[in-house]
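Residue numbers (my numbering): 10 to 121.
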């Protein structure tokens, strides 16, 4: 399922209580990524090597949460979130497809 905009940055969105109990039921947020501009969902993400800095990603994440109405996070928490995600995805080559199931991400074979 893909409701995001092609090429849009995605993030691990927040998971509702219903999906936290059963990621195969509920609304689907436990098995999807959140589009950072559209706030829509996709169940897969494509790893790309983009000319973005850490500060670019931090700004995008701040904008994402602000536009969604989540004023719950401090800048330090968001910096930690960006750094953790960058560390995590840095081992995946561009073209890798990623799927989510709650806090577990798994990869498919890279697109050739």
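Note that beta-carbon positions come from the ideal geometry of N, C-alpha and C, so glycine has one too.
Alpha helix (DSSP H) runs contained entirely in the stretch 51–87, provided each spans 4 or more residues: 63–77
Element boundaries [alpha helix (DSSP H), containing residue 29]: 26–30
Could you name the residues of the same chain whose beta carbon sits closer than 7 Å to that of residue 67, not counting the 5 residues immediately before and after it, in chain order? 87, 88, 91
Reduced DSSP category for residue 15 - H, G, I as helix; E, B as strand; rest coil: coil
Can you look up residue 21 in the DSSP assignment and give me helix, strand or coil? coil
Determine the extent of the beta strand (DSSP E) in which residue 40 is found, giving its start and end residues. Unbroken run through residue 40: none, as it is neither H nor E.
From the DSSP secondary-structure annotation, give me the bridge partner or partners of residue 44. 19
When we look at the beta-carbon of residue 62 and count the other beta-carbons within 10 Å, is it buried (16 or more) or exposed? exposed
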